[in-house]
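A.B. asks:
Residue numbers (this note's numbering): 2 to 290.
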């Protein structure tokens with residue numbers, strides 16, 4: 002997969018409120034920006050992006066993915082790489098942005114990936130060699146964003162994009178206070194399958210569970226007041242992933258229970274492969290009669 006470095010100079014980038022973008026990533030997991038790169042750099046949709054801060058406080062600042070590559074930009078259009086003909090606009094979804102001052106400094110970058118001219122990158126966009134990209138990813142994993150509170154949520158950029166299944170989450174699901182109230186009322190067992198991390202792993206799993214928003218964020222207004230007891234429900238990571246996987250509107254708790262029942266599983270029970278095969282045999286016999 003293609004990976005590129007986008008060099009951002011705050012003194013020459015108009016119209017991008019970086020502080021607001023950092024906050025948006027923190028709340029929603031994503032901030033989308035239009036970026037302009039000079040020809041002949043080819044930036045296809047799906048390319049990984051590493052954001053490099055230029056200037057006096059140079060450093061590696063963020064990670065994202067190219068959503069789409071647009072047609073050539075109009076001459077003299079303001080952009081990240083500066084105005085001019087022979088440039089192309091791309092849409093980048095940043096999924097990790099370090100707060101100002103927390104960037105990975107050039108000394109660390111030069112020591113670990115010396116082949117990249119971090120402080121002397123002449124172009125606003127540069128294709129990153131796959132071997133070097135793996136090294137940059139390792140640096141990001143070690144010195145970049147801290148591990149999320151939920152250990153099943155990978156830090157963006159820590160692993161190749163093709164190795165990560167992405168599901169949509171919203172800021173209510175990520176809110177520590179909303180989660181606390183939801184769990185205090187509903188408990189820490191999954192509302193679909195009944196799995197309890199504490200029962201399975203003892204003290205190490207105590208109080209761990211994910212929460213899921215029953216109403217998609219896109220279907221509620223900005224003035225909506227969240228009720229953590231009514232609107233949120235505890236789900237284990239498996240059921241939470243299946244609530245979102247492959248659907249625009251998340252599956253309901255009832256639909257997930259129905260899927261599990263149809264597959265031969267009952268909430269709160271572990272079904273062995275032999276038992277599952279016996280259930281299938283019985284179903285086939287019944288269908289023949």
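We treat Cβ as the ideally placed atom computed from N, Cα and C, and that holds for glycine. The structure presented is a predicted model; accordingly, all values stated were derived computationally and were not measured.
Can you pull the DSSP bridge partners for residue 9?
C.D. replies: 54, per the DSSP bridge assignment.
A.B. asks: What residue does the beta strand (DSSP E) around residue 235 start on, and which one ends it?
C.D. replies: Residue 235 -> beta strand (DSSP E) spans 233–236.
A.B. asks: Assuming residue 128 is part of the beta strand (DSSP E), what are its boundary residues?
C.D. replies: Looking at the DSSP string, the run of the beta strand (DSSP E) that includes residue 128 is 126–128.
A.B. asks: With distances taken between CB atoms, is the gap from residue 213 to residue 234 smaller than 7 Å?
C.D. replies: Going by C-beta atoms, residue 213 is nearer than 7 Å to residue 234.
A.B. asks: Taking the alpha-carbon positions, what's the residue 100 to residue 23 distance?
C.D. replies: Each residue's Cα considered, the two are about 7 Å apart.
A.B. asks: Applying the criterion that 16 or more other CB atoms from any shown protein chain within 10 Å of the CB defines a buried residue, is residue 75 buried or exposed?
C.D. replies: Caution is warranted here: a pLDDT of 42 is assigned to residue 75, below 50, making its placement in the model unreliable, and the coordinate value is therefore given only provisionally. Exposed is the call here.
A.B. asks: Give me the residue from 59, 30, 48 and 44 with the minimum Cα distance to residue 9.
C.D. replies: It is 59.
A.B. asks: Determine, using beta carbons only, whether residue 43 comes closer than 7 Å to chain D.
C.D. replies: Among the chains of the structure shown, chain D does not appear; only one protein chain is present.
A.B. asks: Let me confirm a value: residue 97 is counted as buried when at least 16 other C-beta atoms fall within 10 Å, else exposed. Which label applies?
C.D. replies: Buried.
A.B. asks: Below 7 Å between beta carbons: does that hold for residue 257 and residue 216?
C.D. replies: Result no, Cβ atoms of residue 257 and residue 216 do not sit closer than 7 Å.
A.B. asks: With a CB to CB cut of under 6 Å and the five nearest residues on each side skipped, what residues in its chain are close to residue 4?
C.D. replies: Contacts found: 49, 129 and 134.
A.B. asks: List the whole-angstrom C-beta distance separating residue 35 from residue 90, where the pair is believed to meet the contact cut-off of C-beta under 8 Å.
C.D. replies: Yes, they are in contact, since the Cβ atoms of residue 35 and residue 90 sit about 6 Å apart, within 8 Å.
A.B. asks: Residue 139 to residue 286, Cα distance in whole Å?
C.D. replies: If you take the alpha carbons of residue 139 and residue 286, they lie about 55 Å apart.
A.B. asks: Decide if residue 132 is buried, meaning its Cβ has at least 16 other Cβ atoms within 10 Å, or exposed.
C.D. replies: Burial call: exposed.
A.B. asks: What residues are listed by DSSP as bridge partners for residue 32?
C.D. replies: 95, per the DSSP bridge assignment.
A.B. asks: To the nearest angstrom, how far is the alpha carbon of residue 45 from that of residue 12?
C.D. replies: Going from the Cα of residue 45 to the Cα of residue 12 covers about 27 Å.
A.B. asks: Under 7 Å Cβ to Cβ from residue 111, same chain only, skipping five residues before and after it: list those, please.
C.D. replies: Counting only Cβ-Cβ distances below 7 Å, and skipping sequence neighbours, we find 119.
A.B. asks: Nearest to residue 239 by CA position, among 188, 228 and 252, is which residue?
C.D. replies: When each option's Cα is compared against that of residue 239, the closest is 252.
A.B. asks: For residue 237, collect the residues of the same chain with a Cβ closer than 6 Å to its Cβ; drop the 5 residues on either side in sequence, then sort them by chain order.
C.D. replies: Excluding sequence neighbours, residue 237 sits near 191 and 196.
A.B. asks: Taking buried to mean at least 16 other C-beta atoms within 10 Å of its own C-beta, is residue 279 buried or exposed?
C.D. replies: Result: exposed.
A.B. asks: Based on the DSSP secondary-structure assignment, which residues constitute the bridge partners of residue 60?
C.D. replies: Beta-bridge pairing links residue 60 to 54.
A.B. asks: Under 7 Å, do residue 52 and residue 122 count as touching if we go by C-beta distance?
C.D. replies: It is not a contact, given that the beta carbons lie outside the stated cut-off.
A.B. asks: Who are the Cβ neighbours of residue 117 in its own chain at under 8 Å, not counting the five residues just before and after it?
C.D. replies: Only 6, 110, 129, 133 and 137 meet the Cβ criterion.
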